[in-house]
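In case it helps, our numbering puts the sequence shown at residues 30 to 194.
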Amino acid sequence: MPKLDLFQFINSQENYNKVFKAEDLTRIPQINSKNQHVNLELLGELQEKNKTKIRLLHLKINGEINLVCHRCNTALHHKIDIQNTVDVFPNQQILDAAPIEEEYYDTIIGSDNFDIQELLEEEILLSLPAFPTHKICPSHEYTAKEDKPKSPFAVLEILKQKKEN
Ligand SMILES: [Zn+2]
């Protein structure tokens, strides 16, 4: 799993780009995700406000995965397009002591051995619908056609024929 010295990364305002195989993102509920990929772009930014260092991590996540439809349990194609910025704190104590206005962004605790994939999975999980479903499930589309109600004119025609008989 890719690890990063997040403080070093932000201090030097580096950028990072990595393509993950969707099937390797094991915390995300997926089905048939072979050949699908998720691209992660990270950009570190160091700001200084009132002599306090503000460490920002900009994330851009693009890709596609197959979720599991909650109605029919088959694959549901899902595009991922996330842009977010997180405020990186050195530890929980400093985070807890930070004034509220600095918590404008989502906050995370950084580390010199930071797990990039965990952050990626977290961001994707937060973006997913709670109950993903197809607009029209593949199996329901079929039954919908079969059960299509007859037009009122067709019904009238049948009634007429019955009368005549
Ligand atoms: Zn479905």
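Ideal Cβ positions, reconstructed from N, Cα and C, are used throughout, including at glycine.
Note that the coordinates shown come from a computational prediction; the quantities given were computed from them, not determined experimentally.
In DSSP terms, what residue i is bridged to
{"i": "F143", "result": "L33"}
{"i": "D246", "result": "Since the displayed the chain opens at 30 and closes at 194, residue 246 lies outside it and no answer follows."}
{"i": "F49", "result": "V67"}
{"i": "K78", "result": "T81"}
Top-ranked residue by Cα proximity to residue i, from the options
{"i": "E93", "options": "L54, N120 and D116", "result": "L54"}
{"i": "F36", "options": "N44, S140 and L96", "result": "S140"}
{"i": "Q65", "options": "Y45, F49 and K192", "result": "F49"}
{"i": "F118", "options": "N95, Y134 and I145", "result": "Y134"}
{"i": "P58", "options": "P158, K192, E193 and T114", "result": "P158"}
{"i": "L71", "options": "I60, S156, N44 and K192", "result": "N44"}
{"i": "I165", "options": "I60, V115 and C98", "result": "C98"}
{"i": "R56", "options": "G73, D116 and L96", "result": "L96"}
{"i": "T114", "options": "G73, I145 and E77", "result": "G73"}
Environment of residue i [buried if 16+ CB atoms lie within 10 Å]
{"i": "K189", "result": "exposed"}
{"i": "N79", "result": "exposed"}
{"i": "S41", "result": "exposed"}
{"i": "S62", "result": "buried"}
{"i": "D195", "result": "Here the chain covers residues 30 to 194 and nothing more, so residue 195 does not appear."}
{"i": "N142", "result": "exposed"}
{"i": "A183", "result": "exposed"}
{"i": "L33", "result": "buried"}
{"i": "N46", "result": "exposed"}
{"i": "I153", "result": "buried"}
{"i": "L185", "result": "exposed"}
{"i": "T172", "result": "With a pLDDT of only 49 at T172, under the threshold of 50, the placement of this residue in the model should not be trusted, and no figure is reported."}
Whole-Å CB distance - residue i paired with residue j, under 8 Å assumed
{"i": "Q112", "j": "L88", "result": "7 Å"}
{"i": "I138", "j": "Q121", "result": "6 Å"}
{"i": "L69", "j": "I39", "result": "Not confirmed; about 16 Å, so no contact."}
{"i": "P161", "j": "H107", "result": "7 Å"}
Open item on the list: Three or more C-beta pairs under 8 Å: does that hold for the region 116-133 against the region 145-159?
Closed with: no
TODO: Count the CB pairs spanning the region 79-88 and the region 101-110 that are closer than 8 Å, and state whether there are at least three.
DONE: no
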